[in-house]
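Chains as they are written, first to last, in UniProt numbering: chain A, 1 to 428; chain B, 1 to 170.
The beta carbon of each residue, even a glycine, is placed where N, CA and C say it ideally should be.
Keep in mind it's a predicted model, so treat the numbers as computed, not measured.
Notes for the one structure printed next.
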């Protein structure tokens with residue numbers, strides 16, 4: 001349960017809000033690189049953290065992210081012409097470079113200096129891995145670029161997708177921290193999904209439906225350990241890292257690639273879910289990549305030309321009651337991503353946390369909310385840099401291991417949860 | 001096959017406007033949370049938290065030699081000292097409880113943790129452990145609680161005791 005004012009504090013991310021300012025301390029995904037595939041390609045409307053922006057790639061391969069609307073009369077630059085090193089408004093021809101600087105106002109006399117005083121708000125846009133990252137905060141506090149492992153492996157080792165989720169970012173993130181729902185909602189995937197099935201660790205999940213949980217502090221956020229009984233009195237541990245504000249990694253299964261998410265608020269009622277699969281030590285196989293593109297694993301099958309899932313709230317997520325009865329899909333909804341989305345969207349755009357009934361198994365969610373709240377208020381009141389800004393905090397891994405009962409999962413897995421290039425991940 | 005035709009009978013009803021039609025009734029507090037400080041270090045924290053307003057939660061410390069001997073086939077009981085000074089036994093306090101929260105700063109309370117864990121398992125009562133690491137290595141404390149707490153939170157922040165209890169509507 002959260003008081004209403006705390007729920008609002010955590011869920012509102014527009015400019016000037018405490019959580020919005022917190023998000024503006026981090027490099028966050030703005031687009032997939034595939035959305036701006038070539039120089040002078042079509043510009044893309046981008047809305048993140050309740051700011052409407054336009055992204056484009058100019059004639060020289062430079063990326064720009066700036067106010068969507070022309071400084072002249074407020075027309076959308078999405079209708080603009082991306083040509084000759086800038087984006088020109090179609091209405092009266094005002095032209096902007098990738099920094100938002102107006103470089104041409106055709107109605108002004110030649111050699112006029114008028115445009116020198118016209119600059120749209122702009123943000124950096126840099127490609128790292130398959131993602132174009134931005135930082136919407138104070139340039140003086142801009143951190144070093146992100147160092148998550150999945151954006152630094154070779155392109156053959158990673159696949160990244162995104163989808164629109166029609167809910168506030170926090171209830172989506174909380175699904176990523178809440179390991180206990182996997183036993184139920186995603187139980188069918190362990191048997192059938194090509195990116196999950198076949199791992200030895202799956203048997204531990206199936207054989208022990210009441211895991212114990214341990215939540216431990218990390219420099220950048222939390223580690224959530226779920227343990228189940230294994231053979232010979234050992235425990236099977238699945239370790240999920242959460243790095244603030246909204247990065248999580250799913251514990252691996254066998255030699256399957258590792259799944260992860262980054263949730264980015266679009267506004268207070270919608271978010272982007274960036275999803276990737278990567279393997280730390282080998283290229284993805286053709287079959288794996290095909291499965292991901294088809295929406296298996298944690299990806300979604302999207303309506304062509306969009307990032308809206310084919311299964312969405314307009315078609316009841318293509319609920320299949322027969323598949324539910326057969327046990328193929330526990331909820332009747334196909335696919336892990338949409339199983340999550342369907343339930344998280346059903347809670348409403350911003351779930352009313354004053355009415356929830358949490359239980360001790362939700363301790364990871366409770367602790368994450370507390371860390372977000374404390375960080376947002378410390379930033380507001382004292383300018384304290386929040387956890388997860390330092391790129392060193394990004395170098396984490398998820399892990400799945402069997403340990404003797406007396407072992408602490410974090411002490412035993414200190415190396416396993418640290419990303420080290422070329423070193424295999426700890427998985428069963 | 002029937003298809004929904006009304007807005008409120010399909011997933012599109014997940015709007016803020018439709019949320020107005022959700023049943024809005026007061027939520028009952030949890031049936032009862034018992035919070036037990038397992039060692040001296042945890043006592044001060046639990047006493048402090050006990051001073052906040054709570055719905056039905058009760059707060060206890062374990063006096064010296066709190067674990068009462070077990071007879072063959074019986075579970076051990078624990079002598080508890082309420083933060084209001086009343087004395088009681090764990091076996092009585094667990095009547096009507098739905099969660100037991102153990103708070104520890106060291107492994108001194110390992111015996112009590114085991115007795116509480118066993119008693120809760122027998123009664124199907126949820127157990128949670130909060131290990132206040134406070135800058136020192138918490139490995140031994142975590143090991144002591146791990147077998148007896150279904151959920152374990154290792155934290156540097158004493159406020160987590162009150163945070164967890166608030167979230168649980170204790």
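Which listed residue (265/A, 235/A and 200/A) has its alpha carbon closest to that of residue 162/A: In the first chain, residue 162/A corresponds to position 162, counting from 1. It is 265/A whose Cα lies nearest to the Cα of residue 162/A.
Helix or strand or just coil, what does DSSP make of residue 139/A? Looking up residue 139/A in the first chain gives position 139. Residue 139/A: helix per DSSP, three-state reduction.
Is there a C-beta anywhere in chain A that falls below 8 Å from the one on residue 99/B? Numbered from its first residue, the second chain carries residue 99/B at position 99. Judged by the 8 Å Cβ criterion, residue 99/B is in contact with chain A.
Under a Cβ-count criterion, where at least 16 other Cβ atoms within 10 Å of its own Cβ denotes burial, should residue 69/B be classed as buried or exposed? To locate residue 69/B, count along the second chain from 1; it is residue 69. When all chains shown are included, residue 69/B counts as exposed.
Using only CA atoms, which one of 118/B, 13/B and 104/B lies nearest to residue 61/B? Start at 1 with the first residue of the second chain, and residue 61/B comes out as number 61. Among 118/B, 13/B and 104/B, the Cα nearest to that of residue 61/B belongs to 104/B.
Return the CA-CA distance between residue 349/A and residue 15/B, expressed in angstroms with no decimal places. For the purposes of this step, residue 349/A is taken as residue 349 along the first chain, with counting starting at 1. For the purposes of this step, residue 15/B is taken as residue 15 along the second chain, with counting starting at 1. Cα to Cα, the separation comes out at about 6 Å.
Check whether the stretch 395–402 of chain A touches the stretch 412–427 of chain A, counting contact only when three or more Cβ pairs, one atom from each stretch, lie closer than 8 Å. yes
Within 8 Å of any Cβ in chain B, is that where the Cβ of residue 239/A sits? Position 239 of the first chain, counted from the start, is the residue given in the question as residue 239/A. Not one chain B Cβ lies under 8 Å of residue 239/A.
When the Cα atoms are used, what is the spatial distance from residue 124/B to residue 39/B? As a first step, residue 124/B is located in the second chain; it is residue number 124 there, counting from the start. As a first step, residue 39/B is located in the second chain; it is residue number 39 there, counting from the start. Their backbone Cα atoms lie some 25 Å apart in a straight line.
Can you list, in chain order, the residues of the stretch 55–87 of chain B whose Cβ is nearer than 9 Å to any Cβ on chain A? none
Is there a Cβ of chain B sitting closer than 8 Å to that of residue 366/A, yes or no? Walking along the first chain from the start, residue 366/A turns up at place 366. By this cut-off, residue 366/A is an interface position.
Roughly how many whole angstroms lie between the Cα atoms of residue 81/A and residue 91/A? On the first chain, residue 81/A is found 81 positions in, with the first residue counted as 1. On the first chain, residue 91/A is found 91 positions in, with the first residue counted as 1. Each residue's Cα considered, the two are about 10 Å apart.
Is it true that the CB of residue 91/B sits closer than 8 Å to the CB of residue 408/A? Looking up residue 408/A in the first chain gives position 408. Looking up residue 91/B in the second chain gives position 91. No, they are not a contact pair.
Determine the direct distance from the alpha carbon of residue 364/A to that of residue 178/A, and round the result to whole angstroms. In the first chain, residue 178/A corresponds to position 178, counting from 1. In the first chain, residue 364/A corresponds to position 364, counting from 1. Roughly 7 Å between the two C-alpha positions.
Quick one: is residue 430/A near chain B, going by C-beta distance under 8 Å? No information on residue 430/A is available, as it lies outside the stretch 1 to 428 that chain A covers here.
For residue 82/A, which residues does DSSP report across the bridge? Counted from its first residue, the first chain places residue 82/A at position 82. 87/A.
Please return the same chain residues whose Cβ sits closer than 6 Å to the Cβ of residue 4/A, not counting the five positions on each side in sequence. Stepping through the first chain from its first residue, residue 4/A is reached at position 4. 354, listed in sequence order.
Any C-beta of chain B sitting closer than 8 Å to the C-beta of residue 217/A? Against the first chain, residue 217/A aligns to sequence position 217. For residue 217/A, the answer is yes, since a Cβ of chain B falls inside 8 Å of its Cβ.
Collapsed DSSP secondary structure at residue 184/A in the structure displayed: If you number the first chain from 1, residue 184/A lands on position 184. Residue 184/A falls in the helix class under three-state DSSP.
So, are the CB atoms of residue 35/B and residue 165/B less than 8 Å apart? For the purposes of this step, residue 35/B is identified with residue 35 of the second chain, where counting begins at 1. For the purposes of this step, residue 165/B is identified with residue 165 of the second chain, where counting begins at 1. Cβ atoms of residue 35/B and residue 165/B: closer than 8 Å.
Pick out the complete alpha helix (DSSP H) segments inside the stretch 254–330 of chain A, 4 residues or longer, and give them in chain order. 286–293 and 321–326
Kindly list, in the order they appear in chain B, the residues whose Cβ is closer than 7 Å to that of residue 348/A. Residue mapping note: residue 348/A aligns to position 348 of the first chain, counting from 1. Chain B residues near residue 348/A: 14, 16 and 19.
In the DSSP output, what is residue 102/B paired with across the bridge? For the purposes of this step, residue 102/B is taken as residue 102 along the second chain, with counting starting at 1. According to DSSP, residue 102/B bridges with 36/B and 129/B.
What is the C-beta distance between residue 27/A and residue 106/A, in whole angstroms, given that I count them as a contact (C-beta under 8 Å)? For the purposes of this step, residue 27/A is identified with residue 27 of the first chain, where counting begins at 1. For the purposes of this step, residue 106/A is identified with residue 106 of the first chain, where counting begins at 1. 36 Å between Cβ atoms; not a contact.
Reference residue 50/B; option with closest CA among 43/B, 59/B and 42/B: Numbered from its first residue, the second chain carries residue 50/B at position 50. If we check each option's Cα against that of residue 50/B, 59/B comes out closest.
Could you tell me the boundaries of the beta strand (DSSP E) in which residue 217/A lies? Translated into the one-based positions of the first chain, residue 217/A becomes position 217. Element bounds for residue 217/A: 212–217.
Which of helix, strand or coil does DSSP assign to residue 47/A? Against the first chain, residue 47/A aligns to sequence position 47. Residue 47/A: strand per DSSP, three-state reduction.
Do residue 154/B and residue 170/B have their beta-carbon atoms positioned less than 8 Å apart in this structure? One-based indexing of the second chain puts residue 170/B at position 170. One-based indexing of the second chain puts residue 154/B at position 154. In this structure, residue 154/B does not lie closer than 8 Å to residue 170/B by Cβ.
Please tell me whether, using a cut-off of 7 Å, the distance from the CB of residue 423/A to the nearest non-hydrogen atom of the ligand SAH is below it. Ligands displayed in this structure: none; no statement on the ligand SAH is therefore possible.
Using a C-beta to C-beta distance shorter than 9 Å, which residues of chain A count as neighbours of residue 10/B? The residue given as residue 10/B occupies position 10 in the second chain. Result: 313, 314, 315 and 316.
C-beta neighbour in chain B for residue 402/A, strict 8 Å: Mapped onto the first chain, residue 402/A falls at position 402. No, its Cβ sits nowhere closer than 8 Å to a Cβ of chain B.
Beta-carbon gap between residue 135/A and residue 123/A smaller than 8 Å: Along the first chain, read from residue 1 onward, the residue named residue 135/A stands at position 135. Along the first chain, read from residue 1 onward, the residue named residue 123/A stands at position 123. Yes, the pair counts as a contact, with Cβ atoms nearer than the cut-off.
Taking the C-alpha atoms as reference points, what is the distance between residue 46/A and residue 151/A? Counting from 1 along the first chain, the entry for residue 46/A is found at position 46. Counting from 1 along the first chain, the entry for residue 151/A is found at position 151. Going by the C-alpha atoms only, they are around 21 Å apart.
Could you give the DSSP three-state label for residue 25/A: helix, strand or coil? For the purposes of this step, residue 25/A is taken as the residue at position 25 of the first chain. DSSP places residue 25/A in coil when its eight states are reduced to three.
Residues near residue 94/B by beta carbon distance below 8 Å, same chain, minus five either side: In the second chain, residue 94/B corresponds to position 94, counting from 1. Taken in chain order, the residues that qualify are 34, 100, 119, 120, 123 and 125.
Residues bridged to residue 112/A (per DSSP): Taking the first residue of the first chain as 1, we reach residue 112/A at position 112. Answer is none; residue 112/A lacks a bridge partner.
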